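Some notes on the structure that comes next.
There are 2 protein chains.
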Amino acid sequence: MKYVYLFHEGHKDQKDLLGGKGATLAEMTILGLPVPPGFTITTVACNEYSANNMQLPDGLMAQVHDALAAVEQAAGKKLGDGTAPLLVSVRSGAKFSMPGMMDTVLNLGLNPATLQALIAQTGDERFAYDAYRRFVMMFSDIVLDLERKKFDRIFDQAKADAGVKEDWQLGPAQLRDVVAKFKALVLDETGAAFPDEPMQQLELAIRAVFNSWNNERAFRYREIEKIPHDLGTAVNVQTMVFGNMGEDSGTGVAFTRDASTGERQISGEYLRNAQGEDVVAGIRTPEPIDALRKENPALYGEFAGICEKLEEHFHDMMDVEFTFEHNRLYMLQCRVAKRSARSAVKIAVDMANEGLIDRREALHRVAPERINELLPPRLDPRAKVTALGPVSKDVARSVAAKPTMVFVREDGIGTMTAREWHEMAPPDRERFLASAQFIEIARGLAASPGAASGKAVFDSDEAARRGKEKEAVILVREETSPDDVQGMYESRGILTERGGLSSHAALVARGFGKPCVAGCEAISVDEHARRFAINGVTIEEDQVLTIDGSIGAVMLGEVPTVPPEQFPELRELLAWADETARMKVRTNADNPPDAKNAVEFGAMGIGLLRAEHMFLNPRTRVATVQEMLLSATETKRLEADAAGVREELEGATGDKRSHLVTRLNEVLARLEGPLGRYAGALDRILPMLQGDFEQIFRVMDGRPVTIRLMDPPMHEFLPNHDELLEDVTRLRATAPNAPGLREKETLLEAVNGMREANPMLGLRGCRLGLLFPEISEMQVQAIFRAAIALKRDGIDVHPEIMIPLVGFDTELARLRELLEATAKREMDDAGVQVPYQFGTMIELPRAAMVAGQIAETAEFFSFGTNDLTQTTLGVSRDDAEGKFLAKYLQMGIIKDNPFETIDQVGVGGIMKIAIEAGRKARPALKLGICGEHGGDPRSVEFFHRIGLDYVSCSPFRVPIARLAAAQAALGEGAERDK
Amino acid sequence: MKYVYLFHEGHKDQKDLLGGKGATLAEMTILGLPVPPGFTITTVACNEYSANNMQLPDGLMAQVHDALAAVEQAAGKKLGDGTAPLLVSVRSGAKFSMPGMMDTVLNLGLNPATLQALIAQTGDERFAYDAYRRFVMMFSDIVLDLERKKFDRIFDQAKADAGVKEDWQLGPAQLRDVVAKFKALVLDETGAAFPDEPMQQLELAIRAVFNSWNNERAFRYREIEKIPHDLGTAVNVQTMVFGNMGEDSGTGVAFTRDASTGERQISGEYLRNAQGEDVVAGIRTPEPIDALRKENPALYGEFAGICEKLEEHFHDMMDVEFTFEHNRLYMLQCRVAKRSARSAVKIAVDMANEGLIDRREALHRVAPERINELLPPRLDPRAKVTALGPVSKDVARSVAAKPTMVFVREDGIGTMTAREWHEMAPPDRERFLASAQFIEIARGLAASPGAASGKAVFDSDEAARRGKEKEAVILVREETSPDDVQGMYESRGILTERGGLSSHAALVARGFGKPCVAGCEAISVDEHARRFAINGVTIEEDQVLTIDGSIGAVMLGEVPTVPPEQFPELRELLAWADETARMKVRTNADNPPDAKNAVEFGAMGIGLLRAEHMFLNPRTRVATVQEMLLSATETKRLEADAAGVREELEGATGDKRSHLVTRLNEVLARLEGPLGRYAGALDRILPMLQGDFEQIFRVMDGRPVTIRLMDPPMHEFLPNHDELLEDVTRLRATAPNAPGLREKETLLEAVNGMREANPMLGLRGCRLGLLFPEISEMQVQAIFRAAIALKRDGIDVHPEIMIPLVGFDTELARLRELLEATAKREMDDAGVQVPYQFGTMIELPRAAMVAGQIAETAEFFSFGTNDLTQTTLGVSRDDAEGKFLAKYLQMGIIKDNPFETIDQVGVGGIMKIAIEAGRKARPALKLGICGEHGGDPRSVEFFHRIGLDYVSCSPFRVPIARLAAAQAALGEGAERDK
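The listed protein sequences derive, respectively, from chains F and W. Under the working numbering, the first residue of the first sequence carries the number 9, and numbering increases by one thereafter. Under the working numbering, the first residue of the second sequence carries the number 9, and numbering increases by one thereafter.
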């Protein structure tokens with residue numbers, strides 16, 4: 009069995025066998041790049057070691073010896089040699105990068121003898137002792153598993169004794185003394201001397217790497233990340249090269265293109281006379297790579313040639329690490345480079361146009377989700393550094409759903425997990441924090457994308473007033489209701505303490521295209537006192553906040569933002585996407601600006617226009633809508649009474665008859681008021697809606713528009729119950745004769761009458777439509793009158809009437825019959841015909857079970873995956889997201905939030921049942937989806953696979969969906985997260 | 009085409025062709041019984057008439073002529089003959105009895121000539137004129153379609169002129185005058201003379217029957233009852249016989265057995281010298297049939313012989329109508345008799361034992377639902393008459409769900425539809441109402457079976473106090489909460505204004521076996537003022553009410569009740585059922601009395617023991633449970649804080665470290681209180697539950713017991729939010745320094761923190777169990793400690809631990825792992841092993857979609873069809889039942905309330921998916937159902953068909969389910985509603 013591969017014996021596709029790092033080193037070596045010679049011990053060896061009770065496989069060390077000999081020959085040095093000693097690094101290298109595993113031992117091979125040789129070779133005693141000091145400490149910490157702090161203490165003491173502050177201020181004698189004390193400590197702790205024999209050092213280091221594969225942290229990490237435990241890790245042993253051998257040495261990191269803009273020029277930085285860790289540690293300021301071009305054109309030329317070769321070989325922008333030792337260039341690492349969203353798009357399109365990759369590949373190169381970063385107003389990527397302080401750490405924990413931290417620095421907006429933060433070395437953390445400009449204080453739900461800054465305002469009326477005067481305000485509320493809509497409209501962004509991604513705040517904000525962070529449960533809003541508290545800190549009114557609704561972050565201070573833009577490469581990429589995709593992309597839009605936005609972003613129609621949003625926007629309509637609903641309910645009740653009396657009258661005679669006639673007249677008299685108010689309200693709302701529809705139809709200019717008739721439970725249009733109850737209780741206790749009390753009591757009674765234990769499963773959707781057919785008819789009248797008016801203007805309209813919450817085929821049949829008659833009457837009266845369709849949302853499991861029967865009446869199905877997820881999983885999004893779903897994600901009970909990424913097994917299974925039955929009954933059935941999942945790439949991929957015709961999502965997600973649909977059509981997942 | 013069948017030409021299986029009445033008359037004729045001769049015109053003739061624009065089919069009247077000739081020959085009379093005139097009755101007769109269709113024309117054939125012959129024949133001028141008067145009026149009303157009131161007015165005027173009150177007081181001269189005036193009216197209204205020609209009368213009557221098939225009322229009735237419109241009606245023409253031809257004539261109705269007790273003896277009544285309608289009209293009091301035996305043994309003997317012959321022929325108890333004319337007996341009608349539930353059981357068992365039918369048939373003879381009438385305390389069937397007055401009519405309409413009226417009279421408890429009531433002739437209604445003793449005032453949901461009377465009490469504490477003192481009270485509440493449990497326990501019955509069949513009131517009442525009418529939305533309860541209003545009438549505290557929870561009725565006054573009993577024939581029938589059924593029947597029981605009851609009713613185990621019910625019963629536990637939940641929440645929050653600080657501490661040094669240590673100590677100090685309270689509460693609850701389990705296990709004596717761990721959302725155990733808010737608001741406004749305010753504010757905050765938008769879909773079931781594993785473990789400890797204690801007493805226990813609301817297989821796997829370890833620890837510690845199983849409820853559609861994976865961990869599935877119906881249909885039962893479901897039933901959008909009878913297509917479809925996948929993964933998987941549907945016979949039939957192993961239902965429904973399971977196994981539906 010071959011356990012050991014010299015670098016030139018492997019290649020880049022052997023990550024399973026050689027690990028990620030080993031495969032890259034091998035690939036660079038066979039490409040002929042100047043890689044310091046070395047070899048890789050395979051993952052197979054690691055696994056046999058694990059399986060065999062920590063016994064190194066037979067023959068392994070022999071193979072190591074042979075490989076080492078080859079390396080020695082190539083390097084012209086020899087391990088342990090007293091003249092030209094070979095020093096090596098030993099690094100773990102699993103298939104996936106894994107925190108918690110042993111990382112690196114440098115300078116292995118040093119001992120008293122080779123140390124002297126190194127001094128002789130370099131003429132730099134301090135350099136050599138410093139290398140020795142580092143090696144002994146690293147080896148003791150990582151290989152011998154001794155407590156690092158004890159070594160730190162010795163080192164700190166030496167600095168104190170010498171009266172210096174910085175490491176580099178210690179001289180060779182002092183370092184020699186430190187090494188001696190380190191070795192004494194090792195003897196003391198282990199009862200054995202520090203191993204001086206280089207081969208022994210190497211074997212111990214190899215064992216330490218293997219052991220670290222099975223240490224507890226690594227094990228737990230794999231459990232969480234679902235990485236199989238039987239992958240094993242490889243071990244890379246490589247000749248040391250030194251960038252700190254004087255002014256003709258150095259080290260650096262670079263990208264083969266500009267990682268931030270995507271321009272085709274090498275970017276990066278380097279440090280002269282320094283080691284790799286010095287670049288990372290940031291003690292000295294590195295120079296831009298361009299400086300190297302001027303200072304050492306020959307070296308730079310060699311390096312640029314390598315970069316071009318790498319791009320040609322890997323067909324991608326690469327991230328490289330290099331060192332030059334006495335002007336000799338070495339390549340140490342090369343990876344596909346991470347990049348900003350903008351550069352990802354530009355590079356993909358450029359490379360396709362350069363012929364480096366084809367368009368198919370270009371489409372795969374951009375993770376659709378990343379387009380999100382480009383479109384809404386976003387935090388300025390050049391803003392210096394906003395990092396997470398200790399406050400924010402607590403918040404991240406209490407939010408719990410996503411133990412993720414955000415930071416903003418020159419290289420873009422990034423995130424790290426709590427684990428990564430935790431595992432960052434303390435000095436790195438300190439530096440990271442020291443450069444912070446803005447402090448993130450809380451993390452809520454990313455409810456509506458984009459970033460915005462403004463003064464915190466806690467009252468909607470005030471927000472509306474100040475917003476109208478062009479003041480930048482962020483509306484902060486416990487949660488929002490229709491009363492807040494005007495204030496939301498005039499604010500730059502909205503922050504709420506409660507409510508999920510489908511809460512009122514989130515929906516309205518997305519409708520308005522305003523950034524919104526919702527359900528930020530870490531903050532505690534006191535609307536009355538106009539402030540909120542977060543972990544003991546109080547934020548008062550007028551404090552400037554920045555929220556980023558793309559990620560759910562809340563920051564103190566004004567973080568600069570930049571406006572969205574669709575730059576040429578993005579337009580080009582999306583045009584290719586549209587040519588490739590099978591599925592169409594529509595948008596969810598309820599008003600002309602949203603519709604206009606969406607068309608600009610490439611929406612091919614409206615997939616969800618929520619009629620009820622027109623009821624609430626503008627705010628002035630709310631009173632009329634409330635009157636409509638309250639009088640409708642009263643009217644229905646009195647009409648039922650009247651019908652009952654009439655029925656009794658039929659057979660009645662004499663006294664009884666005259667009694668009944670009197671009663672009937674009473675009921676009819678009582679009915680007059682509400683009936684008039686009902687008809688009046690309907691009459692007043694109809695032209696408002698008609699006007700809105702006309703505007704939207706005009707914007708959509710012939711593209712199909714799917715209009716969902718009124719869906720939400722009635723109480724959503726009415727004043728808040730608890731506030732009313734408080735008002736009434738207070739007035740009863742303090743001012744029982746107050747003039748407004750009786751009115752409020754009546755309203756409270758009405759609100760109580762419409763209250764529901766589980767409104768999500770209550771009187772809404774088509775149930776409302778069937779109980780109040782006049783309201784359904786009014787909406788259809790407004791739609792068709794608008795369509796007729798536009799048709800007369802020469803503009804085509806294709807309205808698709810969508811009936812929500814159908815569970816029984818009879819519901820749809822009954823409503824279609826009623827509403828199609830209304831539509832035909834309008835068209836016949838006008839003498840103008842408009843093409844139309846009737847369809848339904850599939851958002852209840854029962855609808856899927858009777859999809860065949862429903863399809864007999866429905867010309868299209870639109871899956872309402874928000875509600876379908878709630879009913880299939882029996883989970884109320886508003887309640888679950890901040891509570892047990894977060895915990896479930898943490899516990900690993902679920903892998904994804906099912907409200908973000910479609911639950912393929914559960915909800916998807918139900919969808920498949922519906923699709924099969926629906927298409928069987930009506931082969932031409934049009935199938936779409938208009939839940940939040942329509943803008944989620946992984947979900948879009950699934951929707952493609954199960955055969956939907958279109959997805960519909962919010963305007964800003966349309967480009968994401970277009971790209972995701974193309975990737976889905978290409979039949980492979982995107983390479984994410986570059 | 010043969011359109012006309014003489015009676016002896018047909019038989020009983022020709023209902024399609026001859027209608028129900030025609031087929032029966034034919035069958036009796038061929039049996040050789042003395043049926044007055046006649047013939048039937050087929051439904052085919054009717055349909056051809058309808059299809060052919062109201063043209064009688066060719067040849068029909070010729071066939072009528074021929075048949076008439078045969079009848080004339082048999083009767084020895086001739087239609088229109090001046091000496092021996094034949095008089096006939098003409099009746100419609102469809103396959104199904106149908107109100108709204110033409111019923112009967114008697115005495116057809118009378119005209120001035122035949123009248124004289126009749127006078128000569130009978131020597132009774134008054135009899136003849138009275139017959140003539142009746143004929144002209146019926147014919148004018150029904151055949152000529154003239155307004156009946158105008159004839160009534162002439163007749164009333166004649167009585168007024170004669171100064172008499174009763175019809176029979178008019179003499180022949182006065183009647184002759186009336187007939188003359190009737191005929192003048194006909195001439196006036198129609199412009200043609202009243203038809204005197206008998207054949208013309210006959211043809212017109214036949215046409216009138218045919219026409220009535222298509223009149224609007226009949227059409228609408230068929231629409232509602234889903235009777236096809238193309239069945240058509242038959243017409244029966246039969247020789248008149250007269251029971252009013254003197255003292256040797258008479259008429260009566262009888263049952264071949266005792267319809268009320270089922271005893272094997274003819275029961276019924278008869279009237280001498282009377283016509284059939286006189287018996288029905290109740291002007292004279294009829295004599296019991298036994299009197300006939302003494303007065304005319306020969307006639308009685310002939311009659312008894314016929315009864316026996318009929319039973320032998322039809323294998324059932326029959327309901328017959330007979331007339332004797334001059335001591336000659338005629339059979340006019342014979343039907344399978346309707347009977348009381350008790351007699352249905354007795355007759356089925358008796359007949360099987362007599363050999364008239366086999367046991368299979370006996371099992372089919374009783375509709376399972378009827379057993380319901382026998383078991384809970386029920387209204388005394390002998391209570392005179394409780395009828396529905398005008399008040400109640402309104403109520404029935406406003407309840408709307410079931411426009412049904414209930415009445416109680418000597419022949420048992422019955423119902424009629426609003427339509428039937430409406431169509432009752434006014435005098436019949438008056439008589440019906442005049443005999444009313446008790447008035448039903450409202451109809452709510454039949455939430456818990458049985459009847460109870462008591463004084464209305466509106467306060468639970470008062471109900472508890474008065475109930476304890478043995479006063480009979482009915483607790484009336486808007487709705488109930490855990491605070492009301494003690495009051496409910498001490499009341500005779502519960503009436504609530506709001507809440508569905510799974511509301512708190514309904515569940516608790518069923519648990520206690522108390523009658524309950526819930527969701528009675530027609531009443532408006534003012535708990536504060538201690539009264540309720542119903543249609544303007546106010547019912548004050550202490551008014552005696554009777555409620556019947558088997559049908560949902562609320563009555564004023566004390567209607568006598570009788571206790572339930574399992575009489576010997578019922579036991580015998582149910583024993584046969586158990587031998588026949590494949591499915592087992594278990595019970596839902598949460599306390600020892602329920603369990604005991606259920607075992608007596610034949611339960612073979614407990615299918616659903618709701619652990620949380622033990623938390624609430626007795627009431628004294630509530631405070632401890634609240635403490636457990638409140639401190640658990642606080643503990644979890646603080647523990648998360650502490651864990652976070654500890655995590656941060658790991659890498660911290662210096663100042664930061666000491667700061668963190670201080671903080672950790674603070675958090676730990678704050679944690680102490682809640683942690684202690686949490687542990688304390690758990691420790692106090694554990695022995696309470698253990699004691700309850702021991703008692704129940706003892707009662708169940710080795711039968712399996714399925715225990716569902718705590719399921720409901722936490723707020724259900726906490727004080728009512730709105731009441732707290734009112735208290736806090738009032739105190740803040742009036743007494744801001746009141747001592748209790750702060751405490752109430754804290755409690756309100758806690759309650760607010762647990763409030764959910766849709767609690768049905770919130771933090772409950774296994775989600776609670778996973779977030780608070782200590783509570784789950786405590787329950788399992790109590791179960792196993794109880795089982796171990798009993799095992800030591802030599803009593804077998806088979807606990808089955810059921811995890812509710814599983815949607816992800818990982819939820820169950822995680823909890824099983826935790827809880828099985830707890831169970832094993834308990835058993836190992838005690839050194840006693842108990843056989844056990846772990847399983848889950850399938851009550852979410854997603855659970856069905858992953859049933860295969862779930863079955864890998866679950867040893868049994870119990871379908872929670874209540875919640876499964878709510879999620880599959882997206883319908884909240886509490887909200888929907890009083891609102892749109894009622895309307896949906898009325899509109900025909902749904903045929904059955906899906907919470908009463910399983911929705912086979914939707915919910916059933918989901919169940920089938922789960923069963924298939926579950927059995928595939930684990931062939932031995934045990935399948936049951938423990939929703940309300942477990943006690944619904946039609947649902948039980950479905951559950952049998954899809955392969956469930958058992959159903960579980962409330963104790964009182966166990967016998968129903970046993971019989972239904974047997975009928976299901978026999979593979980045919982029961983003959984219902986005899």
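C-beta: ideal position from N, C-alpha, C; glycine also. Remember, predicted model here, so these are calculated numbers, not experimental data.
Chain-ordered neighbours of residue i on chain W, where CB pairs are closer than 9 Å
| i | result |
| --- | --- |
| P767(F) | A765, N766, S884, D887 |
Same chain, Cβ closer than 8 Å to residue i, neighbours up to 5 away in sequence not counted
| i | result |
| --- | --- |
| L978(W) | R368, L371, H372, T588 |
| L676(F) | A650 |
| M835(W) | F792, I796, Q841, V842 |
C-beta contact flag for residue i and residue j at 8 Å
| i | j | result |
| --- | --- | --- |
| M857(F) | V913(W) | yes |
| L5(W) | I811(W) | Limits of chain W in this structure are 9 at one end and 986 at the other, which puts residue 5(W) out of reach. |
| E535(W) | R506(W) | no |
| S148(F) | F104(F) | no |
Residues of its chain near residue i, where Cβ-Cβ distance is below 6 Å and the 5 sequence neighbours each way are ignored
| i | result |
| --- | --- |
| A598(W) | At residue 598(W) the sequence reads Asp, which differs from the Ala that was named. Cβ within range, chain order: G519, L617, R618, H621. |
| M722(W) | L637, M762 |
| G508(W) | G527, R885, D886, E889 |
Beta-carbon neighbours of residue i, restricted to chain F and to distances below 8 Å
| i | result |
| --- | --- |
| A741(W) | T737, R738, A741, T742 |
| M857(W) | T880, V913, G914, G917, I918 |
Close beta carbons around residue i, own chain, < 7 Å, minus the five adjacent residues each side
| i | result |
| --- | --- |
| L798(F) | E702, F705, R706, V805 |
| P600(F) | Q703, I704, V707 |
Beta-carbon neighbours of residue i, restricted to chain W and to distances below 7 Å
| i | result |
| --- | --- |
| D730(F) | L733 |
Per-residue contacts from residue i into chain F (C-beta, under 7 Å)
| i | result |
| --- | --- |
| Q912(W) | Result: empty, since nearest Cβ-Cβ is about 10 Å, beyond 7 Å. |
9 Å Cβ cut-off: residues of chain F touching residue i
| i | result |
| --- | --- |
| T879(W) | L769, L852, P853, Q878, T879, T880, L881, G882 |
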